[in-house]
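Notes follow the structure.
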Amino acid sequence: MTHVCCLTPSRALYVGGSALGNLLKARLKFPQKYPNRQIRMATTHNSIVTSGNSESRGALIVLEGLDRSGKTSQSSSLLKYLERLGHSAELWRFPDRSTNVGQMISSYLSNKSQLDDHTIHLLFSANRWERRSLMETKLKTGTTLIVDRYSYSGVAFSSAKGLGVEWCKAPEIGLLAPDLVLYLDIQPEQAAGRGGYGSERYEQLEFQRKVAQCYQDLHDASWKIIDACQPMEDIEKQLQNIVLDCITTCQNGKPLSNLWSI
Ligand code: DGP
Numbered sequence: 431m432t433h434v435c436c437l438t439p440s441r442a443l444y445v446g447g448s449a450l451g452n453l454l455k456a457r458l459k460f461p462q463k464y465p466n467r468q469i470r471m472a473t474t475h476n477s478i479v480t481s482g483n484s485e486s487r488g489a490l491i492v493l494e495g496l497d498r499s500g501k502t503s504q505s506s507s508l509l510k511y512l513e514r515l516g517h518s519a520e521l522w523r524f525p526d527r528s529t530n531v532g533q534m535i536s537s538y539l540s541n542k543s544q545l546d547d548h549t550i551h552l553l554f555s556a557n558r559w560e561r562r563s564l565m566e567t568k569l570k571t572g573t574t575l576i577v578d579r580y581s582y583s584g585v586a587f588s589s590a591k592g593l594g595v596e597w598c599k600a601p602e603i604g605l606l607a608p609d610l611v612l613y614l615d616i617q618p619e620q621a622a623g624r625g626g627y628g629s630e631r632y633e634q635l636e637f638q639r640k641v642a643q644c645y646q647d648l649h650d651a652s653w654k655i656i657d658a659c660q661p662m663e664d665i666e667k668q669l670q671n672i673v674l675d676c677i678t679t680c681q682n683g684k685p686l687s688n689l690w691s692i
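Each residue of the sequence shown is one higher than the one before, counting from 431 in our numbering.
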């Protein structure tokens with residue numbers, strides 16, 4: 431059960447069986463001993479707080495890979511699969527081109543505007559920050575999010591241009607850490623052969639080779655590497671099995687954490 435507390439420090443609308451609940455009760459009895467400040471310290475900066483680390487929640491699942499590795503198709507079929515099973519799930523995509531920041535990114539990607547490499551890096555990051563709070567709310571209310579590209583694209587694509595990896599990671603610190611990173615692995619040459627690249631800025635073989643190397647340097651043992659050259663149905667089955675395990679773990683109360691830890 432989710433224990434939700436609408437936080438004004440002096441008025442808890444509902445708090446169930448939590449340390450915070452006990453603190454609030456104690457404050458009503460002994461107002462001088464437990465001033466407001468202590469109660470504020472027991473909460474986070476958000477207005478929704480769960481009562482502990484064992485709350486059931488949705489899973490944050492990220493798909494990463496080179497352009498044309500199949501992330502978008504696989505994300506969609508994963509969503510359909512989860513919905514068929516009755517899970518609450520949504521498909522998100524970064525960059526999210528629907529926001530003002532996203533439109534600046536889109537214009538840059540389609541070569542309609544020029545931006546300094548650092549500047550565009552920060553815009554991509556800002557585009558993820560724009561969604562952080564909603565992301566946390568969705569997860570805490572039990573929705574699993576399948577996310578097509580996340581901070582790893584940010585670091586891989588910008589460091590492929592020569593920006594320092596640590597510099598690239600810095601603005602991502604504090605975004606929610608994924609519970610699972612699924613990397614669709616494909617050779618840049620094979621990806622390029624899939625119907626050819628379009629007109630977007632990064633769709634060039636030589637650059638994608640650098641991005642592949644950056645992903646290689648960035649990944650860790652927690653990533654699930656999927657051979658993206660298998661038949662689509664085989665990839666779908668592999669993703670489905672991995673994802674279901676992850677969703678169960680999160681339903682059982684895995685705490686949310688922040689980047690940069692995965
Ligand atoms: P997509 O909409 O998934 O096709 O992504 C558009 C392009 O932007 C693609 O070439 C990958 C690149 N990209 C995605 N996220 C980031 C990011 O955070 N930083 C940079 N530099 N590039 C990114």
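Even glycine gets a Cβ: it sits at the ideal position worked out from N, Cα and C.
Rounded C-alpha distance that separates residue i from residue j
i, j, result
"Asn530", "Lys542", "15 angstroms"
"Leu635", "Trp653", "24 angstroms"
"Ala651", "Gly584", "19 angstroms"
"Val577", "Leu493", "6 angstroms"
"Met534", "Asp546", "13 angstroms"
"Pro685", "His551", "29 angstroms"
"Gln681", "Ser687", "15 angstroms"
"Phe637", "Ala590", "7 angstroms"
"Ala658", "Lys640", "18 angstroms"
"Glu666", "Glu485", "29 angstroms"
"Leu569", "Gly604", "16 angstroms"
"Trp597", "Asp497", "23 angstroms"
"Ala586", "Gly572", "30 angstroms"
"Gly683", "Arg487", "7 angstroms"
"Gly625", "Pro618", "13 angstroms"
"Gln620", "Leu674", "29 angstroms"
"Asn671", "Gln544", "42 angstroms"
"Gln668", "Arg527", "30 angstroms"
"Leu553", "His649", "23 angstroms"
Check whether residue i and residue j have beta carbons under 9 angstroms apart
i, j, result
"Ile656", "Asp609", "no"
"Leu689", "Leu606", "yes"
"Leu508", "Ile491", "yes"
"Pro525", "Arg562", "no"
"Cys676", "Ala519", "no"
"Gly495", "Tyr645", "yes"
"Met662", "Ser506", "no"
"Ser540", "Ser629", "yes"
"Ser581", "Glu602", "yes"
Bridge partners - residue i, DSSP secondary structure assignment
i, result
"Gly495", "Leu614"
"Arg523", "Asp578"
"Asn688", "Leu606"
"Asp657", "Asp615"
"Leu490", "Leu575"
Exposure label - residue i; buried when at least 16 CB within 10 Å
i, result
"Arg631", "exposed"
"Trp522", "buried"
"Ser477", "A caution first: Ser477 carries a pLDDT of 32, below 50, which makes its placement in the model unreliable, though a value can still be read off. Burial call: exposed."
"Gly500", "buried"
"Ser555", "buried"
"Thr679", "exposed"
"His548", "exposed"
"Leu564", "exposed"
"Lys599", "buried"
- Item | Start-end ranges of the alpha helix (DSSP H) lying completely within the region 547 to 611, minimum 4 residues | 547 to 559, 562 to 570, 581 to 589 and 595 to 599
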